[in-house]
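A quick write-up on the structure given underneath.
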Amino acid sequence: MRIEIAELLKGEKTDIEITVMGWVRTFRNNQFIALNDGSTNHNLQVVVDFNAMDETILKRITTSACISVSGKLIKSQGKGQTVELVADTVEILGDSDAEKYPLQPKKHSLEFLREIAHLRFRTNTFGSVFRLRNALIFGIHKFFQEQNFLNIHSPIISASDAEGAGEMFRVTTLDLNKLPKTEQGDTDFSQDFFGRSSNLTVSGQLEAELAAMAFTKVYTFGPTFRAENSNTARHLAEFWMIEPEVAFNDLKDNADLAEDMLKYVIRYAMEKHPDDIDFLDARLAEEEKQKPTNERAEFGLKEKLNFMLENNFERVTYTEAIEILLQSPAYKKKKFQYEVNWGIDMQSEHERYLVEKHFKKPVIVTDYPKDIKAFYMRQNEDGKTVAAMDILAPGIGEIIGGSQREERLDKLEQRMQEMHIPTEEMYWYLDTRRFGTCKHAGFGLGFERLVQFVTGMGNIRDVIPFPRTPKNCEF
RNA sequence: UCUUCCUUAGCUCAGUUGGUUAGAGCACCUGACUGUUAAUCAGGGGGUCUCUGGUUCAAGUCCAGAAGGGAGAGCCA
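Numbering-wise, the first sequence is residues 1 to 475 according to my numbering.
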């Protein structure tokens, strides 16, 4: 019977006959196979007696060959591991031509591995990243399910282009070489599949709001698409987003929920895969050593995560945040490239100063000027700000954006008109304000940014299996 | 999209003021060794110097353009 390596390495049972299957990481000294099956970042040491083994089989034990080994699991006779498998039989399930296989048992650059994303799962780094990604996915569902949230599948294809969250990918079945035209000469979308123009979703929030007006507590967790020409280490054209929406919550409840959720899922992932956290912690420390002293991160990965769990997030209003920036040494020494005054949309350098220099922990900034925020955010009594919140994380920037929603029909309609959002087309959204409206709030969490935060990976393209970015749709 | 840097062997990189046949480590192949931990030792094979054009007696090296990639920025999650 096949047993997984993670189970064997617990070392609870020895002197048993077992079968193990996996991929060869290295074959040392014609005797020792480091075997990995993805259940853990640790390898099982398989010991072969090369004098007794068929030589043609020995030659086929190459890096990344897939093999099945049967034999006896014993206490290790050497140092470096607690148990090892003494092979009776080794069966080659899949050969791997050592001359052509691009991965070697050595350090590769992340850029190179990105070009062979179909094989990078087989490395220690990506093994750890994707096990943690899985734990975070499950941890998020667990957190919400334990609190009786309802998971809603919001649509992936959307006809609404009024959400204003960014450029959209068009969905069409029209022949692009022979587009039907209207009398005015525009493309005639009435002949398209849905009888109107349609796009991939940029957010499930509006649909989540509809569901929250019946189930009270809901969340979405699905793919999201933005056709922005963004070339950065924190943007993808296809990414996953979590969007909880809760009836009767105000902005403070919303911030509490976000903070609780982040802490819960980070703790869950750390407890589920301590070895992977250890590995990535060491990897990051190694990487930091290459940098000049003044560019090094202040905390190691584990330090950072533990600090996050043990401390409350800092909460400041936008107005207070601007005041902090204006009083900062960085501002007085003219270190900021962009101007600071009340009303600006804070730039990366400002957010990073607040999070990394001033507070040195995650910060929840609330009550932004209404002119820099979306139409659906609840207008505050001061007439200038809205009940918005952004959570800024060290090293990542904005990880969560949310708000209390405008539940008052007249205020919402007025704001939509000011911002040129077509109210007729959005009748279904406005209906919730017509029929039994109530205060409610929610937020959007960029899932890959969370994975970046937990794994310490600097580039978002290294925390999703097959990244989609401008000019890149390989695999 | 903007700024900036990079592109030399399968990988990581060196290559002097432009000057014979372009190097190293790892990987691979052959052999030795056999309790190794990215095993070690000896030998060997492996190159359209990203592409296109230009300057020059001579270009990996200088100039121009293109492509790809990194970092930072904008937009955002």
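Yeah, the Cβ is synthetic: ideal placement off N, Cα and C, and Gly gets one too.
Query                                                                                                                                                              : Result
HIS153 by DSSP, collapsed to three states: which one?                                                                                                              : coil
Mind checking which residues open and close the alpha helix (DSSP H) that includes ALA388?                                                                         : Per DSSP, ALA388 belongs to no alpha helix (DSSP H); it is in the beta strand (DSSP E), 385–393.
Please confirm if the segment 229–240 is in contact with the segment 444–453, defined as three or more CB-CB distances below 8 Å between the two stretches.        : yes
From what residue to what residue does the alpha helix (DSSP H) around ILE140 run?                                                                                 : 124–146
Please report the distance separating the alpha-carbon of LYS100 from that of ILE33.                                                                               : 20 Å
Compute the Euclidean distance between the alpha carbons of VAL365 and ALA393, then round it to the nearest angstrom.                                              : 11 Å
To test your reading of the DSSP string, which unbroken alpha helix (DSSP H) runs of 4 or more residues are found completely within the segment 271–330?           : 274–289, 301–310 and 318–327
DSSP has ARG405 in a bridge; who is on the other side?                                                                                                             : MET377
Counting along the chain, where does the alpha helix (DSSP H) carrying ASP431 start and finish?                                                                    : 427–434
Using 10 angstroms around the beta-carbon of ASP382, count the other beta-carbons present and answer buried if the total reaches 16, otherwise exposed.            : exposed
If you run the structure through DSSP and keep just helix, strand and coil, what is ALA159?                                                                        : coil
Assess, as a yes-or-no matter, whether the segment 58–66 is touched by the segment 10–19 under the definition of 3 or more beta carbon pairs within less than 8 Å. : no
Using alpha carbons as the reference points, say which of PHE50, GLN379, TRP23 and VAL46 lies closest to GLY38.                                                    : TRP23
Taking just the CA atoms, how far does THR319 sit from GLU243?                                                                                                     : 26 Å
Per DSSP, what are the beta-bridge partners of TRP240 in this structure?                                                                                           : PRO223
Between the beta-carbon of ASP462 and the beta-carbon of ARG28, is there less than 8 Å?                                                                            : no
Could you give the residue range of the beta strand (DSSP E) that holds LYS75?                                                                                     : 66–75
Counting C-beta neighbours from all protein chains within 10 Å, is the total for ASN229 16 or more, i.e. buried, or is it exposed?                                 : exposed
Could you name the residues that DSSP lists as bridge partners for ILE400?                                                                                         : ILE391 and LEU445
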